[in-house]
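Here the sequence shown stands for residues -22 to -1, 1 to 496, numbered as in mature numbering (1 follows the signal peptide of the UniProt record, and there is no 0).
Ideal Cβ positions, reconstructed from N, Cα and C, are used throughout, including at glycine.
None of these values were measured; they are calculated from a predicted model.
Here the structure is laid out as structure tokens; the discussion comes afterwards.
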Amino acid sequence: MSRHRAAVGLISVALVTGSAAACGGSGSGSGGGSDDTGTLTVIASAAPATLDPVKANVGSDNWFVNLTYDTLLRLGPDGDVQPGLAVRWGYTGKDNRTFELTLREGVRFADGTPLTARAVADSLNYARKNGLNAATWSSAIETVTATGPLTVRIHCSTPHPVLPLLLGQIQLVGSVISPKGLADPSKMGAGSFGAGPYVLDSARSASGDHYTYTPNPNYWDKSRIHWKKVVIKVVTNPSSALDAVRTGQADLTALVANQADTAKSSGLSVINAPIAFTGVNLADRDGTLARPLADVRVRQALNHAVDRQTITQAIFKEYGRPTAQLSLPGLDGYVPDYDNRYPYDPAKAKRLLAEAGYPDGFTLRAEVQGVNGFDLLPQAVFQQWKQIGVTVDVVTDTTVGAFLSNAMSRSFPVLGFAYGGLPTYLTSLDWMLPHASPFNPFASKDPRLVRMLETAAAAPQARQPGLYREAMRHVVDQAWFVAVSRQDQIFAYDGKKLDGVTVASGYLPDLAWEVRPR
């Protein structure tokens, strides 16, 4: 099982939503305040799972990792792929299986070791064999080899059309680890072994509370180092996090939707962009545990029984939009008219249930996870299902680990979910292809869908969006899930002090390169 995949859906959204039920806040220890000259202080809602870049959680751990680990490529806020440690890159051949990179000359890791093709190949091989995403995102990678002093070749057993994105700073796989780090991976969990613009100052950090970073004297581009010190404070309570920025103790934090007006009235700059979608996963599509779910009419009925607009407004206010699909505007699989593929229509839902042989409804078991309030939306869906006679017995987990374990146990036909927006190829590895994952624990198989995805993955880049949109239409028509809302990622910051703070679909404010003094 790949815990990383759930991290995209569950942990990264903690950055977005926070939790109305969260209590207590850390970050009270030393670690530098934003009034220090040349210091950037930001708030994270959770401590990093690890500082090992390939085992870190995408979303919640990016800031901690990106400061110290440069990536082979970089993703811009508009989705363009830019040079990083690699200056040239591209697929060879016609089926998106072989990818080659040429590295930047003269780069050294923070420990002084030269960055070579062999070091990069070793780092990528470590990632594909040991990373939390190894079973999904990197599963197609067959070999990574150094073909020259500064050239690397990645060969995949099946088409992998989004390697440039995988090797950027958002997905973390392309974070290059020094040979000294790989020599003793146990040390990477609490240290930094990269070639990024900063290094972790362990003496001025306290695990779980605050993390201090200072400039890397060996960095290849000194113009990217904008701060004498960067401090990330862990504050689990959203109100305390916002107060820290309002009072000048910090410069940047994520917000809960209902905090945005307060932040604006305090004179802070507020930015937002779609980041994730939430809903209920009808995981048992073959009816192994819940026979009714094997009928597409039942799954479509459960979709029509949900008032997405009302739920979205209640939970996310203006920082959410109703949707019935697993993609976001700007991503390759997004189908604009499929946000409203299942209009709220309880009468139609009842007719579909009756046609399927369930005029009186039925009972389901569901698992949701209560960390950061992620059970609120599924519970709202279950309440609305009662109107068509479908009742749900709910188990609420209190940790992400328990949720993942229960999801993969195949004991629950229905699962609540929150999932970050990704290119459709990566989403398909979790949701649409017939191998077990926390989002497809029963390894549901749709031969037509598999063929569509295989064709899209091997297609030229210009054709891929159209093909992935067709695949998205198909899986939504088959009602494999009840997506309800796409929600925004919201940040508040001191606009008088900071420049370069940007957020976009699938993109976090870039502390390592772009956030700088105004």
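Return the bridge partner residues of residue i from the DSSP annotation.
i    : result
F476 : The sequence shown places Leu at residue 476, not Phe. Its beta-bridge partners are P495.
T231 : A470
S135 : According to DSSP, S135 bridges with nothing at all.
R52  : Q60
K207 : T17
T80  : R66 and T129
R343 : D371
For residue i, which option in the options has the closest C-alpha, if you only look at C-alpha atoms?
i    : options                   : result
D229 : N281, V248 and A235       : V248
V208 : T433, F42 and R496        : F42
K423 : Q456, E120, P139 and N103 : Q456
S406 : S387, A435 and L382       : A435
F459 : M410, P487 and G444       : M410
L29  : G71, V59, V154 and L445   : V154
L306 : G394, K211, G265 and T402 : T402
V85  : L79, L128 and D315        : L128
K165 : K33, L141, G152 and K242  : K33
G90  : L354, K107 and G159       : G159
R66  : P337, A283 and L79        : L79
A449 : I468, V313 and T94        : V313
G351 : Y336, V378, K364 and G399 : V378
A25  : L246, M386, T17 and G167  : G167
A241 : D310, G335 and A219       : A219
L102 : T192, L150, P92 and T136  : L150
T192 : V284, H133 and I203       : I203
Y316 : R447, L355, T214 and Y189 : R447
T225 : P495, E120, A470 and S23  : A470
A300 : T231, L486 and L355       : The sequence given here has Pro at residue 300, not Ala. Of T231, L486 and L355, the residue nearest in Cα terms is L355.
May I have the straight-line CA-CA distance separating residue i from residue j, to the nearest angstrom?
i    : j    : result
L50  : L427 : 32 Å
D273 : V453 : 14 Å
E333 : A302 : 23 Å
D371 : Q291 : 25 Å
Q227 : K326 : 54 Å
D187 : D477 : 26 Å
S201 : S389 : 54 Å
Q362 : V276 : 15 Å
T125 : S217 : 52 Å
L330 : Q237 : 41 Å
N259 : R464 : 15 Å
R82  : N196 : 14 Å
G7   : F360 : With a pLDDT of only 39 at G7, under 50, the local geometry of the prediction cannot be trusted, and the value read off the model is given with reservation. Approximately 42 Å between the Cα atoms of the pair.
L304 : V36  : 18 Å
G245 : I468 : 15 Å
N40  : Y104 : 19 Å
A97  : G109 : 17 Å
H138 : L271 : 32 Å
A88  : G16  : 21 Å
Q439 : L93  : 30 Å
F381 : Q347 : 6 Å
N215 : V349 : 13 Å
T376 : P419 : 20 Å
CB-CB under 8 Å to residue i, same chain, minus the five flanking residues each way: which ones, in chain order?
i    : result
D466 : V(-7), A235, N250, A251, P252, I253, F294, Y297 and G298
Only counting the same chain, and skipping five residues up and downstream in sequence, which positions put a Cβ closer than 6 Å to that of residue i?
i    : result
A421 : P412, H413 and A414
V289 : Position check: residue 289 holds Ile in this sequence, whereas Val was assumed. Excluding sequence neighbours, I289 sits near A358 and V462.
S170 : T46, V177 and L178
R343 : D371 and F390
D338 : G367
R52  : Q60, G62, G146 and Q147
R269 : none
L393 : N259, A261, E345 and A385
G473 : S247
Would you decide whether residue i is buried or exposed? Buried here means 16 or more other CB atoms lie within 10 Å of its CB.
i    : result
R263 : buried
A173 : buried
A396 : buried
R441 : exposed
R106 : buried
P425 : exposed
G257 : buried
K211 : buried
P321 : exposed
T70  : exposed
S156 : buried
G152 : buried
D437 : What sits at residue 437 in the sequence shown is Ala, not Asp. Buried: at least 16 other Cβ atoms inside 10 Å.
G311 : buried
V481 : buried
S183 : buried
Tell me which same chain residues have a C-beta within less than 7 Å of the C-beta of residue i, skipping the five on either side of it?
i    : result
G308 : G57 and S483
L431 : S406, M410, L411 and A449
Could you tell me whether any Cβ in chain B is nearer than 8 Å to the Cβ of residue i?
i    : result
F395 : Absent from the structure: chain B. Only one protein chain is present.
Quick check: is any heavy atom of the ligand ATP less than 7 Å from the C-beta of residue i?
i    : result
Y397 : The ligand content of the structure shown is nil, which means the ligand ATP is not present either.
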